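Trainee:
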Amino acid sequence: MAHFVIMGCGRVGATLAHTLEDSGHSVAIIDQDERAFRRLRNTFTGRKVTGVGFDRDTLKQAGVEEAYAFAAVSSGDNSNILATRVARETFHVAHVVARIYDPGRAEIYQRLGIPTVAAVRWSADQVLRRILPEQHLAGDYREPSGRLVLAEVDLHDGWIGQNLAAIEAAAGIRIAFLTRFGEGLLPGPGTSYQEGDTVHAMISVDRTTEISRVLAKAPAKES
1 MAHFVIMGCG RVGATLAHTL EDSGHSVAII DQDERAFRRL RNTFTGRKVT GVGFDRDTLK
61 QAGVEEAYAF AAVSSGDNSN ILATRVARET FHVAHVVARI YDPGRAEIYQ RLGIPTVAAV
121 RWSADQVLRR ILPEQHLAGD YREPSGRLVL AEVDLHDGWI GQNLAAIEAA AGIRIAFLTR
181 FGEGLLPGPG TSYQEGDTVH AMISVDRTTE ISRVLAKAPA KES
């Protein structure tokens, strides 16, 4: 079980809160308007925090210091980006995502390494895939036999600086491409994993748990 903080209790925020709670996680949801919490079902047991989502004290009330992930899905682009940056840069939340209405802004923030989802392509599923590892491994593409899937994989910070070939060998995967500063990158023989990279790899469906376990730990040190 992990802790998730959501900013914005609109339709999408409420959907995220319910989905995460149903998956067994703890959830805190922030909104400036206390009436917004009416969108939550009566059985919702997570924290409801009234306040500004980029305020540090408000975020602390929501448990951001122990959060696995933070999603900013309010109706304001500026608020979402500011809150996401505070969560990542001040509280060092590893997994963040911001909902952005302006496609031009979304591209800029992607280049800064802030994962965004543009409202024109919006769905709660897209946010979940950014903040839940098991959703990453659901994959973007599955080949016809169903045995292989192209999916995002999460890596421990200990892999930063490692050659992609070493990552492939350790996990038994084939890295198809990286997303770096918001742009796709085809790896070459000397390409290394950098902080902020998103790794997209072809993996065997029946090995997803094993692959996640290997990459969630730092690489073994050579003796």
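Residue numbering for the sequence shown follows the UniProt record's numbering, beginning at 1 and increasing consecutively.
Even glycine gets a Cβ: it sits at the ideal position worked out from N, Cα and C.
Since the model is a prediction, treat every value here as computed from it, not as a measurement.
1. According to DSSP, is Val12 helix, strand or coil?
2. Please work out which residues of its chain come closer than 6 Å, Cβ to Cβ, to Gly63, disregarding the five sequence neighbours upstream and downstream, and give them in chain order.
3. List the residues that DSSP assigns as beta-bridge partners of Thr209.
4. Would you call Arg38 buried or exposed, if buried means 16 or more other Cβ atoms sit within 10 Å of its Cβ?
5. Can you tell me whether Glu152 is helix, strand or coil according to DSSP?
6. Just confirm the distance between the C-beta atoms of Met202 and Leu164, as a whole number of angstroms; I'd bet it's less than 8 Å.
7. Glu21: buried (16+ other C-beta within 10 angstroms of its C-beta) or exposed?
8. Alpha carbon to alpha carbon, how far is Phe54 from Pro115?
9. So, with DSSP's three-state summary, where would you put residue 231?
10. What residue range does the beta strand (DSSP E) around Arg56 cover?
11. With Val214 and Ala176 assumed to form a contact (beta carbons below 8 Å), what rounded beta-carbon distance in angstroms separates them?
12. Identify, in the order they occur along the chain, each residue of the same chain with its Cβ nearer than 7 Å to the Cβ of Arg147, setting aside the five sequence neighbours on each side.
13. Measure how close the beta-carbons of Tyr109 and Ala98 come, nearest whole angstrom, since I'm counting them as under 8 Å.
14. Please state the DSSP three-state secondary structure of Trp91.
15. Measuring only the C-alpha atoms, how far is Gln162 from Gly8?
16. In the DSSP assignment, the alpha helix (DSSP H) including Thr84 goes from what residue to what residue?
17. Quick check on the DSSP output: the beta strand (DSSP E) that includes Leu178 runs from which residue to which?
18. Could you give the distance in angstroms between the alpha-carbon of Ile81 and the alpha-carbon of Val73?
19. Starting from Glu183, follow the alpha helix (DSSP H) in both directions and report where the run begins and ends.
20. Identify every residue that forms a DSSP beta bridge with Asp31.
Mentor: Based on what the coordinates show:
1. helix
2. His3 and Ala28
3. Per DSSP, none; premise fails for Thr209.
4. exposed
5. strand
6. About 13 Å; that fails the 8 Å criterion.
7. buried
8. 17 Å
9. The question about residue 231 has no answer here: the residues shown for the chain are numbered 1 through 223.
10. Arg56 -> not in any beta strand (DSSP E); alpha helix (DSSP H) instead, spanning Arg56 to Gln61.
11. The pair is not a contact, with the Cβ atoms about 18 Å apart (cut-off 8 Å).
12. Ser204 and Val205
13. 7 Å
14. It should be pointed out that residue 91 corresponds to Phe in this sequence rather than to Trp. Coil.
15. 37 Å
16. Asp77 to Arg85
17. Arg174 to Arg180
18. 10 Å
19. That residue, Glu183, is in no alpha helix (DSSP H); its beta strand (DSSP E) goes Glu183 to Leu185.
20. Thr50
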